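> First residue of the sequence shown? That's 329 in my numbering, and the numbers climb one at a time after it. I'd like to ask you about the structure that follows.
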Amino acid sequence: MKGRPAFAAQGRRYGYVGPAELLDCTEPRRAGTEITSTSDLDAWLSSRPTMELGEPFTFVVDLTGTLRLAPRRSEHVVCAAGQPILAAGEIGFTRHGIGWTVTQISNQSTGYCPETTSWTQTAAALDQARIPHPGHFTDAFIFRRCPDCAQINIIKDDDYTCGVCDHPLQVRR
Numbered sequence: 329m330k331g332r333p334a335f336a337a338q339g340r341r342y343g344y345v346g347p348a349e350l351l352d353c354t355e356p357r358r359a360g361t362e363i364t365s366t367s368d369l370d371a372w373l374s375s376r377p378t379m380e381l382g383e384p385f386t387f388v389v390d391l392t393g394t395l396r397l398a399p400r401r402s403e404h405v406v407c408a409a410g411q412p413i414l415a416a417g418e419i420g421f422t423r424h425g426i427g428w429t430v431t432q433i434s435n436q437s438t439g440y441c442p443e444t445t446s447w448t449q450t451a452a453a454l455d456q457a458r459i460p461h462p463g464h465f466t467d468a469f470i471f472r473r474c475p476d477c478a479q480i481n482i483i484k485d486d487d488y489t490c491g492v493c494d495h496p497l498q499v500r501r
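Written out as structure tokens, the structure reads:
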């Protein structure tokens with residue numbers, strides 16, 4: 329496999345926690361495209377329809393530390409071929425001169441619920457591919473699963489209350 333490190337990358341591994349029916353749709357041939365260089369990124373983005381370039385794409389960082397991209401409406405678990413990951417979210421690019429720069433990036437993935445600390449692995453994958461980035465998630469999300477109803481919640485405005493059943497959620501700082 330081209331450009332892949334010969335070792336497993338460091339960092340917390342996130343297993344899939346979303347709906348089982350999405351996990352059933354995964355297969356290796358449908359995994360996201362490996363991006364290990366700026367030429368890989370340019371080739372992939374150049375192959376996308378123009379209307380897609382204005383919105384973010386789905387990304388994961390696989391267990392080897394490699395960035396994988398898929399169209400926005402792709403599920404993270406499909407992009408990851410059903411495997412555990414080091415990071416996941418949405419990523420947007422803008423062309424600058426002859427290359428591309430990450431202009432928006434988040435950890436938004438309710439299928440994996442990566443913590444904001446997954447930025448370290450995200451940055452490492454982008455740096456390995458030599459893709460310029462902002463140095464942090466431009467939008468960072470905190471996820472909590474309700475112990476009462478099992479719903480996954482995105483925390484907003486420091487409100488650690490389940491949006492479905494109003495049960496208090498765990499606060500970790």
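Heads up, the beta-carbon is just placed ideally off N, CA and C, and yes, glycines get one too. Since the model is a prediction, treat every value here as computed from it, not as a measurement.
What is the DSSP secondary structure of Leu414, counted as helix, strand or coil?
Start at 1 with the first residue of the sequence shown, and residue 414 comes out as number 86. In this structure, Leu414 counts as coil in the three-state DSSP scheme.
> Is it buried or exposed for Val406, if we count other Cβ within 10 angstroms and need 16 for buried?
In the sequence shown, the residue the question calls residue 406 occupies position 78. Val406 is buried by the Cβ-count criterion.
> Report buried or exposed for Ile482, applying the criterion of at least 16 other Cβ atoms within 10 angstroms of its Cβ.
One-based indexing of the sequence shown puts residue 482 at position 154. By the 10 Å Cβ count, Ile482 comes out exposed.
> Using C-beta distances below 6 Å, list every residue in its chain close to Thr431, excluding the 5 sequence neighbours before and after it, in chain order.
Translated into the one-based positions of the sequence shown, residue 431 becomes position 103. Only Gly420, Thr422 meet the Cβ criterion.
> Please specify which runs of the beta strand (DSSP E), each continuous and at least 3 residues long, are wholly inside the stretch 422-458, giving them in chain order.
Entirely contained in the stretch 422-458, the beta strand (DSSP E) runs reaching 3 residues are, in chain order, 427-433.
> According to DSSP, is Gly420 helix, strand or coil?
Taking the sequence shown and counting its residues from 1, one reaches residue 420 at position 92. Gly420 falls in the strand class under three-state DSSP.
> Run through DSSP, which three-state label would Ala468 get?
Position 140 of the sequence shown, counted from the start, is the residue given in the question as residue 468. In the structure shown, Ala468 sits in coil (DSSP, three-state: anything other than H, G, I, E or B).
> Less than 9 Å between the beta carbons of Ile470 and Glu443, yes or no?
On the sequence shown, residue 470 is found 142 positions in, with the first residue counted as 1. On the sequence shown, residue 443 is found 115 positions in, with the first residue counted as 1. Going by C-beta atoms, Ile470 is nearer than 9 Å to Glu443.
> Suppose the cutoff is 6 Å on Cβ atoms and the five residues either side in sequence are ignored; what does the same chain contact list for Ala408 look like?
One-based indexing of the sequence shown puts residue 408 at position 80. Contacts found: Val388.
> Buried or exposed: Gly417, going by 16 or more other Cβ atoms within 10 Å of its Cβ?
The residue labelled residue 417 in the question sits at position 89 within the sequence shown. Flag for Gly417 reads buried.
> Taking DSSP's pairing of strands, which residues face Pro496 in a bridge?
As a first step, residue 496 must be located in the sequence shown, where it is residue number 168. In DSSP, Pro496 forms a bridge with Thr489.
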